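Chains as they are written, first to last, in the working numbering: chain A, 223 to 562; chain B, 7 to 353. Backbone N, C-alpha and C define an ideal beta-carbon position, used for all residues, glycine too. Only a predicted model underlies this, so the values are computations on that prediction, with no experimental measurement involved. Here the structure comes first, spelled out in structure tokens, and everything after it is commentary.
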């Protein structure tokens, strides 16, 4: 496992332009409170921040009383401003190694239900459209903290899961994600089930990709047997522009996770693969072994599960699996989806 | 005179033993039902097994349990977020190990069971243990599990359930639970429930009330009191690390566990701040929360012991780090249970 940083900075953009900086540090606890917060000239707000962080920690499965986390804001936010709440929660998780630290992360979000991991919205208003693509904004962008590692909200009526796929098409590459949201399909008794592909939508995508998404999901659900005619599906992609079809496996796995028919990884699910026959559950090879493996080695974090096509088994670079294991991730080259 | 020959009446529900009931407290003088074994639990938590098919002779203050060794079958859901995939597990209460001074299942009965142990309750406890281990990374069951990973998971599960409950897993296979658990319907019901959410506020308040601090605290302290000595015994027996540094860590851990055990044995009463001086109700609630959280650490410690049993020397540093976390949590919660006010928040 990579050593945890002692200090994490998260920035929180506000609606009228300025940016708050939130600093989190970790030190041995030595009998002190597990969270300490400081806001210049505002002890009440510091107490509120401590409460927020403590509530958000209730959604974590393990607790560790050996460390104290100290959170501080660089200046006092405007009265009534609550967008820093998400930044505080993310900084608290990053400094303890629960989330992968990201330099210069922008976050804005507030919630009344931190103890359930819900994020209600952000305070940016119209300015949210001007934020860079990797900013974490509560509300439509992130409704539940578990979604940061792709997990569905255990209490929501819409099942949403994410899976990641390595991009190497656009020069520098990076990770893209695909998100599948499922609504149960209400059907009157005796009514014919609609065509599966008609129930799948991918807004903001061009017609070719919409068609591809529908065909992939339709095929993979056919393979699953118990999936047809039960769901209305919305598919969203994180990256704006990408080419190729190596996202297909990630889409299929996100769909299986969202339908509650797949074992859930502890961290993110990262997959690269396509198929000419999803209705048989087969996974075919894609291009770019070397750049994608290098990217995965840089990006993988504790608990991540990486799925690659079986054809890559012999082409993986030396020490790839061991390197990932040292980071707490695991990799497997699969021939078909499903268990074993 | 006829009383000599009268057979003791079988207690109520005794015929359910081995089906929906795993263990049942029997009145003194009754004979355990056919196929069952009997354990006598004293008030101090000591247990002894009785010879099969004999009349139960319990001394005053002791409770006699009859339990059916099984096998039992239960469908476990390893992930709350994946209700349509389960593990069909069949398990049995372990045959008595002649080397052990106390069988683990007897300790489970003594520490956590009052009156009767339903199969559903045992399966729920097993399921929550399994989920906790999967969520914290003690066991791995990732998507597209390979055969090797599945075998490692099975070994870990066997060891975990043996250490935690004293049951052995005969068989465990992944099953499609789509017939009984319809996720789409569950989501639709959730949506309907949320539409009525404003009216659903009072039940939540009632849920807070249902947490009875005195009862929860007594249960948790009983577990700590009975299980900590066995845990320390297990840690001493588990593995003698070869490396000098790990040996020192192990010794330091055992010493701290000793101190925790002493602290548990001398825990002040829940409702007293000082002799004759009552403690406010919200502080009692805080104390009960601490003792319940200490029980979570206790569960983690059993799971860690199961991993220690299987681990090689190479894995020891990581496992001892985990052990230090658990012991630190235990110490913090024992101190919290002991203190009469919440610690200073500002420090």
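When you compare the CB of residue 331 (chain B) with every CB in chain A, is at least one pair closer than 9 Å? yes
Just the chain B side, please: which residues come within less than 8 Å of residue 529 (chain A) by C-beta, in chain order? 149, 150
Could you say which of A:367, A:351, A:421 lies nearest to residue 313 (chain A) if we only look at CA atoms? A:367
Kindly provide the ranges of any beta strand (DSSP E) runs that are 3 or more residues long and lie completely inside the stretch 326 to 404 of chain A, ordered along the chain. 327 to 330, 381 to 389
Which residues of chain B have a Cβ atom closer than 9 Å to the Cβ of residue 488 (chain A), listed in chain order? 140, 141, 142, 143, 146, 148
Under 9 Å between C-beta atoms, does residue 304 (chain B) make it to chain A? no
Classify residue 211 (chain B) as helix, strand or coil using the three-state DSSP reduction. Any answer about residue 211 (chain B) is weak, because its pLDDT of 49 lies below 50 and its placement is not dependable; what the coordinates show is given next. If DSSP states are grouped into helix, strand and coil, residue 211 (chain B) belongs with the helices.
Below 8 Å on the Cβ atoms is my guess for residue 189 (chain B) versus residue 100 (chain B); work out the distance and round it to an integer in Å. Contact flag wrong, Cβ pair sits at about 35 Å.
By alpha-carbon positions, which one of A:486, A:532, A:396 ends up nearest to residue 497 (chain A)? A:532
Between which two residues does the alpha helix (DSSP H) carrying residue 162 (chain B) extend? 153 to 171
Given 8 Å, three or more beta-carbon pairs between the stretch 480 to 494 of chain A and the stretch 429 to 439 of chain A: no
Just to make sure I have the definition right: I need the residues of chain B whose C-beta is within less than 7 Å of the C-beta of residue 382 (chain A). Which are they? What residue 382 (chain A) touches in chain B: nothing, since even the nearest Cβ is about 11 Å away.
Can you determine whether any heavy atom of the ligand ZN sits closer than 8 Å to the C-beta of residue 234 (chain B), and answer yes or no? Questions concerning the ligand ZN fall outside what the structure shown contains, since it holds no ligand whatsoever.
Exposed or buried, what is residue 248 (chain A) when buried is set at 16 or more other beta-carbons lying within 10 Å of its beta-carbon? buried
Report, in whole angstroms, the separation of the C-beta atoms of residue 242 (chain A) and residue 299 (chain A), which I expect to be a contact under 8 Å. 6 Å
Who are the near neighbours of residue 309 (chain A) in its chain, counting only those whose CB is closer than 6 Å to its CB and skipping five residues on each side? 232, 234, 244, 329
So within the stretch 412 to 464 of chain A, which uninterrupted beta strand (DSSP E) runs reach at least 3 residues, ignoring any that extend past its ends? 453 to 459
Step through the CB atoms of chain B and report whether any lies within less than 9 Å of the CB of residue 491 (chain A). yes
Pull the bridge partners of residue 176 (chain B) from the DSSP assignment, please. For residue 176 (chain B), which the question treats as bridged, DSSP gives no partner whatsoever.
Taking only three categories from DSSP, how would you classify residue 97 (chain B)? strand
First and last residue of the beta strand (DSSP E) that includes residue 492 (chain A)? 491 to 493
Determine, for residue 269 (chain B), whether the minimum Cβ-Cβ distance to residues of chain A falls below 9 Å. no
When you compare the CB of residue 91 (chain B) with every CB in chain A, is at least one pair closer than 9 Å? yes
Residue 240 (chain B), DSSP secondary structure in three states: helix
CB-CB under 7 Å to residue 303 (chain A), same chain, minus the five flanking residues each way: which ones, in chain order? 236, 345
DSSP three-state call for residue 85 (chain B): helix, strand or coil? coil
Could you tell me the distance, in whole angstroms, from the CA atom of residue 474 (chain A) to the CA atom of residue 502 (chain A)? 13 Å
Can you check which of these residues, B:165, B:312, B:270, B:311, is closest to residue 345 (chain B) by C-alpha distance? B:270
What did DSSP end up calling residue 300 (chain A) once you bin it into helix, strand or coil? coil
Would you mind stating whether residue 529 (chain A) and residue 553 (chain A) have Cβ atoms separated by less than 9 Å? yes
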